[in-house]
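At position 34 of the sequence shown the residue is numbered 37 (the numbering used here), and the sequence of numbers has no breaks. Cβ atoms here follow ideal geometry from the backbone N, Cα and C, with glycine treated the same way. Comments concern the structure below.
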Amino acid sequence: MPCTNNIQEEINMLIRFSQSSDHQGLKVHQDTAAPELVQATQSLFDKKLITLFDGGYLTPLGHEAADQAHALLNILDSGK
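What follows is the structure, encoded as structure tokens:
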């Protein structure tokens, strides 16, 4: 399955969340953020990976997804 632009934006959003703290959330300002970022954030909320449609905190499933995204990026980046 190829990685679509929407999936790429969702991954980029997931990796913005802190891995070291459960008490740091994100806020995506609907009126100033890029439309792709707003859409990705809404999609992550719809998939129950984050707590609010405009960011919030990672859910338990979101933590797992973010950890996997970081792991994949670390593997892919290790070849440099």
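Using a Cβ-Cβ cutoff of less than 7 Å, which residues in the same chain neighbour residue i once the five nearest sequence positions on both sides are dropped?
i, result
"Pro-5", "none"
Measuring alpha carbon to alpha carbon, tell me which residue in the options is nearest residue i.
i, options, result
"Gln-33", "Ala-43, Gln-11, Pro-63 and Asn-15", "Ala-43"
"Gln-45", "Phe-56, Pro-38, Ile-18 and Lys-51", "Phe-56"
"Val-41", "Ile-18, Gly-58, Thr-7 and Gln-11", "Gly-58"
"Thr-99", "Lys-50, Asn-15 and Pro-38", "There is simply no residue 99 to check, as the chain begins at 4 and stops at 83 in what is shown."
"Gln-71", "Gly-82, Thr-7, Asn-9 and Asn-15", "Asn-15"
"Lys-3", "Asp-80, Gly-82 and Arg-19", "The question about residue 3 has no answer, for the chain in this structure spans 4 to 83."
Taking C-beta to C-beta, are residue i and residue j nearer than 9 Å?
i, j, result
"Leu-47", "Gly-65", "yes"
"Asp-8", "Glu-39", "Note that residue 8 is Asn in the sequence shown, not Asp. Yes, they are a contact pair."
Practice task
Ignoring anything shorter than 4 residues or poking outside the region 28-63, list the alpha helix (DSSP H) runs there in chain order.
Solution key: For the region 28-63, whole alpha helix (DSSP H) runs of length 4 or above, ordered along the chain, are 38-49.
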